[in-house]
Structures are given as C-alpha cells and as structure tokens.
Amino acid sequence: MPYQPDLRIDDPAGLAAAGATAWACEDLRQALRNRPSGAGLPIRLVADGSGAPVECPDAAEAFAIWRDDEAISVWGHDARGLVYALTELADRARHAEGDDPFAGPFPLVERPSARIRSIARLFCSESEDLGWFHDRDGWRDYLTMLATNRFNRFSLTLGMGYNYPYHNAWIRDVYFYFPYPFLLAVDGHDVRVPELSDEERDRNLETLKFIGREAARRGLDFQLALWTQRYDFDDVPNANYTVEGVTRDNLAPYCRAAITRLLTEVPEITGLTFRVHVEGGIAEGEYGFWGEAFAGVADAGRPVEIDMHGKGLDHTTLELARRSGMPFTASPKYMAEHMGLAYHQSSIREKEYPPEQARSEREQLSEGSRKFLRYSYGDLLRKDKDYSVLYRIWAGTQRILLWGDPALAGGYGRLSMFAGSDGVEWCEPLSFKGRMGTGVPGQRFNYQREGLAPRRDWEKYLYQYRVWGRGLYAPDGPADGWQRHLRRECGDAAEACEKGLASASRVLPLVSLTHGPSASNNHYWPEVYSNLALIDGMGRLNYTFDMPAPVRFGNAPTFDSELFATAREWVEKLLAGGTEHRYTPLDVADWLTDLARTSEQALISAKEARDYLRPETQRILIDVEICAGLARFFAERYRAAVWAELFVATKASVLFDRVLDHARRSTMAWDRIADLSRDVYHDDLTYGPQGWLRGSWQSRQAEMRNELLDLESLRGGGRTESLALSPEAERAAAAIEARRPVTTAGGLEVPETFLRGGDLTIRYSGPADAAPVLRYRVVDQSKRWRADPMRADGNGYVAVIPGDYLDTPFHLQLFASATVSGAPVLVPGLAGDLANQPYHVVMQA
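Note that this note's numbering has the sequence shown beginning at 1, numbered continuously upward.
Structure, rendered in structure tokens:
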C-alpha cells in the first residue's frame, strides 16, 4: 500500500480552489506520496504578503517561502507565482535525501528576470517525432518539468522541417509541414491529405487539445508555431504525403479559416508564431496573405498573441498585426542560428548588411532592404515600440551534447531583456533531429552504447532544462536548485559533474561567437565540425555559401566584429604597424585552454567517485570530455590560423613550422574525441541530408587527418617559398610572440539615461598610456559604430556624444578601449566567467 502523507494545506483564502494552483497542490501531494516517509510541516497558502517576515516582491510571477516552527508559508504575487512556490517544495520532496522532505534554503524569495521564458519543441520527422507527439504520459511529465523549472511558455513548433518551400526535390517528409490539413477538415474548403485517414487526422487534433489542456493546467502559456503556410504542393515528387485542394486563389481564405478553427478547437492556445518571410511559403511583399492570416487570429474572438519571426520583418507587416487588434510580438534570433555568449552581439557580420540589390524578388526583404534583421534584432528596439520583442536561440551550436552552465544561464536571464526586450525562447536539445527527411527509426536518442539512453529523449537533458529555466527566472537563485538534482542522479560524483559541465558548456558558445564561417545552422555545426582549411585549397570548402573569400579558417568572420578580430584582420594590422584593441584569436585560444583544463580536472575527480559508472554520471562525463576535446581542438586551430595568416601574407617558410605544430596538436585533440565517441554515439547522427549535417566525430576524423597530411606534404615537398622574414613580418611575428591578453582596467562613468537630442558626457577613470577611445552606437544593428578619442580631464578622460547623434528613437550602447602599461584594455569587457555584457547600455529617458 503506498504511503499516504499527512500533508495539510491551509488555504483560508481559497487560492487553490481551481486552475494551476490546484494542480500544483496535487503535484506536491504526489511528490510526498512517492516518498517512503515524512510529510514535514503543514503548508500555509498566504494571500497577503504584507505581514510576512520577508519582503514579498511586487512583481508578476514572484513568490516567497518561509518557515517557522508551525508551518511552511507560501506566498505568490499571482497564480503562477504560487505554482512556482509549490513546485519548488514538490521538487525538494522528490530530491530530499533525509527525513525532512523540504530541506533547502529558507526563506526563499524570487522574482523573474526575463519576462518570457519559453521552450520550443520542434516536430521535424514523422519517424522520430510522431511517437513523442502522441505520448500523453510523456507530455504530463515534460510539462510538469517545464513548470517546475520556472518556464512560463511552451511552444509546439510545426512546419520547420525545411529551409525553403520550393526546392522540391529536397521535400520528402511533409508531416505537419503545412500543418492545417493534418489537424482539421475546414468547412467550406475541400483541402485534404489523401494518404492520411480521417481517424489519424482527428487523433492529431485530439492530441493537440490534450497538450493545450495540460499546459494550461500547469499555468504555462501555450504557443503554437506554424512556420510554413504553403509549399509547392503540386510538384513534390518525393513527398510522403500530398495536399489536395489548395490553389493560389484559395490559399489565404483557407489559412484564415483554418487558423480560426484551430483557435476555436484549442482555446488554450495563447499565441501563434508565424515565419513571415519567404521561407514560410509566402513571397515577401505579399501583404494580402498576412492581412488575412492575422484576421483569422482576430476572428477567434479572444486575445491571441501574433508572434512574427524576425528575419525580413518590416514595418508594414508589423502594422498589419497592429490593425488586427491582437497583442503582437517580433521574435528575432539571438545570435544568428547559433548560441553564443549571453550578451547580444554588438555588431552583425559584414555579410548581413543590406546589398544594393536583393537576391530575388520573393526575397526582397530578408535578402534585400531588411537583411540586417536576418540574425539579430535589427531596428526593432525603438523606445516607442508598442510590440514585444522575444529572442529565439536557434539550435545550430549544440544539438547532442549536454549543456549546463549556471553562470551563462544567469547571464541570459539578466541580458535577454536588453534595451526593453521581453525574454527568450530556446530551441531545445535534439531540435532538427531527422530534419529534411533524414529521420531514422530508433535513433532519436543518438546513443549506440547500450544502457545510456534514458526513457524519453528529453530526459537526458533534465539538468540542462533545470539550469536554463532557473537561470532565466532568477539569475542569482540558490545553487541548491540544480545541485539537488545532481546529488540524486550522480551521487558522490555530483560536484565533479557540476564543475566539469559548467566549464564544458562555455566551449561551443564561445567558439560559435568567435568563428562564424556561416550564420546558418544548415551549413555550420561547430559541435560536429566540418573542417575549414588553414591554407587555401585544402580541406573541405562547404562554407562558401556564407563567408567571404578567401575561404579559410583565419578569414572566417566573427559574430561580433566590434569586439573580436579574425586571424587575418589581426595579422594584416600587425604587418601595417598597427595595434588591435579587440580580442584576438589567441585570447580566445587561452580561454578555451582554460576551459579544457578545468573540465579535465573535474573528470579526474569524478573517476574517484563511487557513483562514477551510473548511467546519469556517464552521460554527463562523456559529453564533458568531448567538449574538453573540442576546446583543445579549436584552441590549436585558432593558434595555427594566426601563423597561417602570417605565412600566407609573407610566404616566409620559417613560419610554416609554427602552423604545422598547432595543426598537429588540433588533429591529436580530434583523434581523442573520435576514440571516445566511437562506441558511444551512432556513426551517422542525422540533422539534415548534407554531409556536414550528419555523421559523427569519428566520421570527421579522416578530413582532419587529410588536411594535416596536405600541410606536411606542402612543407616536406618544398612547395613553401623559402623567403626570409621581412622587417614587417619579423615585427609582426615578434608582436604575436609578445602579445599580452586583453584585460579590463579602470571604469566608465555612464549615466543610466539620456535625453533625446541632448549631449551625453562619458568619463573614463583609471590609468591609460594614451587617450582612451570611446566606441558607441545607437541600439540599431543597421547602423555602424563610431569611435571618438577621449580628452584628458583632471585625473581621467572625458568624451561628449553630441546631441545631434542622440536625436534618435533608439537607446545607446558604448564601451571604451585603451592601453595600460602596453596591454590592451576593454571597459567593461568580458568578465572571467564570460557571462556578462561587455558594453554599457544607456536607455533613452
């Protein structure tokens, strides 16, 4: 007979009578039922926090828990705040190691940092995703996990299976790609999928209704993302399903009616996400379609958020959403289609500025006048905006390996509200698995080693959701919130797992930020990296789509050219006798080496633990070791690239040995990764049909070794020119050898706000070899940065940003560069944990 807890919930105000709070009370009772003994103190729900012994924050979704000898008191600013408080107690009960089911820090008072904290789960493959879509017990557990970890929105994402809707030979797996006929029969429109039975279509809708109800029970907003509004239905020879009954004339009326019907059938849907550029199937400039679609949202007769994916988004489309009368949101990407560090890139790549002429008429915005919005916030952050801005973190950087760094998660929590923004949506792990028709039955989990796969695909990443959700909600929340999970799952290896994974989780975001051969996740996957040659004409050249020539490692742009220099840029500046104020590839290499060393030290500690061989521990430590190997691989690539660029520029053969030395070290690091992963992960991990979107670390090993053989042949065959170092080259080589890392020193006195059209004075305090340079730009990615030398003023320096520049609808961002005792300095620059914002933001008053 199961244990029946003696739990009393005192609720004099009736706060738990219905809704999400009632669900959370039952979740707490269930957590106690699953314990062998010990109910703990009664729980008292407090309606008014004014008499509490702690300060109860006046903020939506805030909560407080305190404890005395008689009861545990719980207060929430609203129903969602109460849910977070009660699920915190339930989570403690599930993880408690002793007799006290609620052991942990008291009092606990938290308020949200990011207003929107969303998770996107993508359906891309019938063979790999249909199972979890219909798994109702799985949905109950998954949505409970999201609510417990302080997420407040869940986005079920349909129609993201392909990049473009008109490359017809590619289109194979179209289940939910054009989602409406897979869910509904719409009155007045004979649109159907002949290969899909009415029973299966109705079952799909019933599952969608179930997901909506269960999300609402837990207090989660339920977003439905409908990314594709058409494709070439009549010309898809390889598609596994076809769509009949849609024509150019009836598409917009059908979609309008289907949207209204969906919102009527699933009243729990709180918002719809649309891809409003050409990749969603509607040519850019066809505003009539979006007027109809948005009217379909309004026809549902209740407030439903219209969320427009940012790429190519223009103010005409925003106005269409405004006229619908619905709340509306613009959702740009955080940093291209990758995950970088926690701050918003201070500049976009050169390739993202608008061209003189658009690539095609149907891409007149996303590849034309609005191209600066492809991979960042563009010009959306006006002070007078009447829409929300939500950032979507794309799944280009890390799709397989575990991630879990409380410092970076907290950084995202602090910084996703940048310049009046509203929050962040994260495309969860395994996003795009089986995409573009590459689903493999039985390979959803990626593992081939028996005993490592958990029960459900997302359960491998339980720690990742926990760290991410709690970091977004309360960046400075107590570590017990994630440590209790590791203690239960990893036993005495918990501390080593936490430290190792924290360091390992910074590796790929740092690499993505500083090495950007493609902004597209369809061409660049740093986790399972396709080699980019150090010297022209060697290695695989699958990055030509999205980076400038010459296509080699040292010329790959960074995703923040205002703060990070490429190897080629740095070498060219050194040869010209200049100095570099930005972080160089050697700064990045040093960071990566430190992260590898910290991760490896944690791995050594973990091997001494009794619980080292637990599957949960092994899943973490294997991924930590792979990330540490990636850190060493890329660190050596950055170092090799600096010497390779100097060699390419000077043709001095004496430099080539330096290139070879670092290239050999990078190949050795990759060999270690391949040996480790060979019997753990499948040989063909499929995230797309092209060779660089599938495969594995072991399958990439040959291309790494082949480039090294080419380099050794070039050196040994006498094909490097035996030129001596010129004075310029000698000076540059000496500067590289003597290079000192960029540091932070001194400080800037920066007002919190400025008045539009008025001058703004900025002061620099601290030492400097010469006048520092103030670098600034309005918060508009379509604009270029300015650089003004500061003038001496007393014990420091001062600069005035003129009022004519500040006569703008945008806020302002700035930082300073200087040299101190010969070393480059950035203020504020990046902190040691790489989790801060390296510039100041001044809000317009």
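All residues carry an ideal CB built from backbone N, CA and C; glycine is no exception.
Every value quoted in this text rests on a predicted model; they were computed, and no experiment measured them.
Next on the checklist: Counting beta carbon pairs with one atom in the region 420 to 434 and one in the region 449 to 456, are three or more of them shorter than 8 Å?
Outcome noted: no
Checklist entry - Can you name, in chain order, every residue of its own chain whose Cβ lies under 8 Å from the Cβ of PHE289, other than the five neighbours on each side? => result The count along the sequence shown starts at 1 and reaches residue 289 at position 289. Excluding residues within five positions, the ones whose Cβ falls inside 8 Å are GLN229, LEU251, ALA252, CYS255, ILE282.
Item to check | At least 3 beta-carbon pairs within less than 8 Å: the region 542 to 558 vs the region 621 to 630 | outcome: no
Item to check | Proximity to ASP100 [Cα-Cα], best of ASP129, GLN844, ARG35, ILE116 | outcome: Your numbering for residue 100 matches position 100 in the sequence shown. Closest by alpha carbon: ARG35.
Checklist entry - What is the residue span of the beta strand (DSSP E) that TYR819 lies within? => result Against the sequence shown, residue 819 aligns to sequence position 819. What sits at residue 819 in the sequence shown is Thr, not Tyr. Taken as a continuous stretch (DSSP letters only), the beta strand (DSSP E) holding THR819 covers 812 to 820.
Checklist entry - When we look at the beta-carbon of PHE634 and count the other beta-carbons within 10 Å, is it buried (16 or more) or exposed? => result In the sequence shown, the residue the question calls residue 634 occupies position 634. The residue in question, PHE634, is buried, as its Cβ has 16 or more Cβ neighbours within 10 Å.
Checklist entry - Looking only at C-alpha atoms, which of PHE810, ARG94, ASP611, LEU183 sits nearest to GLN844? => result Here residue 844 refers to the residue found at position 844 of the sequence shown. Answer by Cα proximity: PHE810.
Item to check | Beta-carbon contacts of ALA225 that lie in its chain and below 6 Å, excluding the five residues immediately before and after | outcome: Start at 1 with the first residue of the sequence shown, and residue 225 comes out as number 225. These residues qualify, in order along the chain: SER155, THR157, THR273.
Item to check | Beta-carbon contacts of ARG506 that lie in its chain and below 7 Å, excluding the five residues immediately before and after | outcome: Looking up residue 506 in the sequence shown gives position 506. Close CB contacts of ARG506 within its chain, under the 7 Å cut and outside five residues either way in sequence, are with ASP405, LEU408, LEU595, LEU834 (chain order).
Item to check | Classification of SER821 by the beta-carbon crowding that lies within 10 angstroms, buried from 16 upward | outcome: The count along the sequence shown starts at 1 and reaches residue 821 at position 821. SER821 counts as exposed, since fewer than 16 other C-beta atoms from the protein chains shown sit within 10 angstroms of its C-beta.
Checklist entry - Between TRP591, ASN149, ASP141, ALA239, which lies nearest to PHE178 when the distance is taken from Cα to Cα? => result By 1-based counting over the sequence shown, the position of residue 178 is 178. Closest by alpha carbon: ALA239.
Next on the checklist: By the three-class DSSP mapping on this structure, what secondary structure does TRP426 have?
Outcome noted: Here residue 426 refers to the residue found at position 426 of the sequence shown. Strand, per DSSP.
Next on the checklist: What does the Cβ neighbour count give for THR438, buried or exposed, with the cut at 16 atoms within 10 Å?
Outcome noted: Start at 1 with the first residue of the sequence shown, and residue 438 comes out as number 438. By the neighbour-count rule (16 or more Cβ atoms within 10 Å), THR438 is buried.
Checklist entry - Which whole-angstrom value describes the C-beta separation of TYR241 and TYR166, a residue pair presumed to lie in contact below a C-beta threshold of 8 Å? => result Numbered from its first residue, the sequence shown carries residue 241 at position 241. Numbered from its first residue, the sequence shown carries residue 166 at position 166. No, TYR241 and TYR166 are not in contact; Cβ-Cβ is about 17 Å, not under 8 Å.
Checklist entry - According to the Cβ coordinates, are TYR764 and GLY794 closer than 8 Å? => result Here the question's residue 764 lines up with position 764 in the sequence shown. Here the question's residue 794 lines up with position 794 in the sequence shown. No; because the gap between Cβ atoms is not below 8 Å, this pair is not in contact.
Checklist entry - So the alpha helix (DSSP H) ARG67 belongs to, where does it begin and stop? => result For this step, residue 67 is matched to residue 67 along the sequence shown. Looking at the DSSP string, ARG67 is not in any alpha helix (DSSP H); the run it does join, the beta strand (DSSP E), is 63 to 67.
Checklist entry - First and last residue of the alpha helix (DSSP H) that includes LEU599? => result Residue numbering aside, residue 599 sits at position 599 when the sequence shown is read from its first letter. According to the sequence displayed, residue 599 carries Ser and not Leu. Residues 585 to 606.
Checklist entry - Using the C-alpha atoms, what's the distance from ARG374 back to ALA336? => result Residue mapping note: residue 336 aligns to position 336 of the sequence shown, counting from 1. Residue mapping note: residue 374 aligns to position 374 of the sequence shown, counting from 1. Rounded to the nearest angstrom, the two C-alpha atoms are 7 Å apart.
Item to check | Nearest-angstrom Cβ-Cβ length linking GLU572 and ALA649, presumed shorter than 8 Å | outcome: As a first step, residue 572 must be located in the sequence shown, where it is residue number 572. As a first step, residue 649 must be located in the sequence shown, where it is residue number 649. About 7 Å; that satisfies the 8 Å criterion.
Item to check | Contact between the region 358 to 375 and the region 470 to 482 (3+ Cβ pairs under 8 Å) | outcome: For the pair of segments examined, the region 358 to 375 was found not to touch the region 470 to 482: the number of CB pairs separated by less than 8 Å stays below three.
Checklist entry - If ILE888 sits next to GLU749, beta carbons under 8 Å apart, how far is it from one beta carbon to the other, in whole angstroms? => result The structure shown does not extend to residue 888, since the chain spans only 1 to 845, so no value can be given for it.
Checklist entry - Would you call PRO429 buried or exposed, if buried means 16 or more other Cβ atoms sit within 10 Å of its Cβ? => result The residue you call residue 429 lines up with position 429 of the sequence shown. The C-beta of PRO429 has 16 or more other C-beta atoms within 10 Å across all chains shown, which makes the residue buried.
Item to check | Per DSSP, the bridge partner or partners of PRO846 | outcome: Past the boundaries of the shown model lies residue 846; the chain is included only from 1 to 845, so the question cannot be answered.
Item to check | Beta-ladder partner(s) of HIS840, from DSSP | outcome: The residue labelled residue 840 in the question sits at position 840 within the sequence shown. HIS840 is bridged to LEU814.
Item to check | Inter-residue Cα distance where the pair is ASP536 and PRO517 | outcome: Position 536 of the sequence shown, counted from the start, is the residue given in the question as residue 536. Position 517 of the sequence shown, counted from the start, is the residue given in the question as residue 517. Answer to the nearest angstrom: the Cα atoms are 14 Å apart.
Checklist entry - Between ARG614 and GLY491, which are expected to be in contact by the criterion C-beta below 8 Å, what is the C-beta distance as a whole number of angstroms? => result Counting from one through the sequence shown, the residue named residue 614 turns up at place 614. Counting from one through the sequence shown, the residue named residue 491 turns up at place 491. Between ARG614 and GLY491 the beta-carbon gap is near 7 Å, inside 8 Å, which marks them as a contact.
Item to check | Which residues DSSP lists as bridging SER155, in chain order | outcome: For this step, residue 155 is matched to residue 155 along the sequence shown. Per DSSP, ALA120, GLN223.
Next on the checklist: So, under 8 Å CB-CB, LEU848 and LEU86 are touching, yes? Tell me the CB distance rounded to an integer number of Å.
Outcome noted: As displayed, the chain neither begins before 1 nor continues past 845, which places residue 848 out of reach and without an answer.
Checklist entry - Is it buried or exposed for ALA474, if we count other Cβ within 10 angstroms and need 16 for buried? => result Numbered from 1 along the sequence shown, position 474 holds the residue referred to as residue 474. Label assigned to ALA474: buried.
Checklist entry - Quick one: is ARG172 buried, meaning 16 or more other Cβ sit within 10 Å of its Cβ, or exposed? => result On the sequence shown, residue 172 is found 172 positions in, with the first residue counted as 1. When all chains shown are included, ARG172 counts as buried.
Next on the checklist: Starting from SER765, trace the beta strand (DSSP E) in both directions and tell me its first and last residue.
Outcome noted: Within the sequence shown, the letter at position 765 stands for residue 765. 760 to 765 is the extent of the beta strand (DSSP E) around SER765.
Next on the checklist: By the three-class DSSP mapping on this structure, what secondary structure does LYS333 have?
Outcome noted: Residue 333 sits at position 333 when you count from the first residue of the sequence shown. In the structure shown, LYS333 sits in a strand (DSSP, three-state: E or B).
Next on the checklist: Please list the terminal residues of the continuous alpha helix (DSSP H) segment that includes THR260.
Outcome noted: For the purposes of this step, residue 260 is taken as the residue at position 260 of the sequence shown. That run of the alpha helix (DSSP H) goes 251 to 265.
Next on the checklist: I'd like to know whether the C-beta atoms of SER677 and GLY413 end up nearer to each other than 8 Å.
Outcome noted: Counting from 1 along the sequence shown, the entry for residue 677 is found at position 677. Counting from 1 along the sequence shown, the entry for residue 413 is found at position 413. Cβ atoms of SER677 and GLY413: not closer than 8 Å.
Checklist entry - Can THR144 and ARG92 be called in contact, C-beta distance under 8 Å? => result Residue 144 sits at position 144 when you count from the first residue of the sequence shown. Residue 92 sits at position 92 when you count from the first residue of the sequence shown. In this structure, ARG92 does not lie closer than 8 Å to THR144 by Cβ.
Checklist entry - Are there 16 or more other CB atoms within 10 angstroms of the CB of LYS607, so buried, or fewer, so exposed? => result Within the sequence shown, residue 607 is the residue found at index 607, counting from 1. Under this definition LYS607 is an exposed residue.
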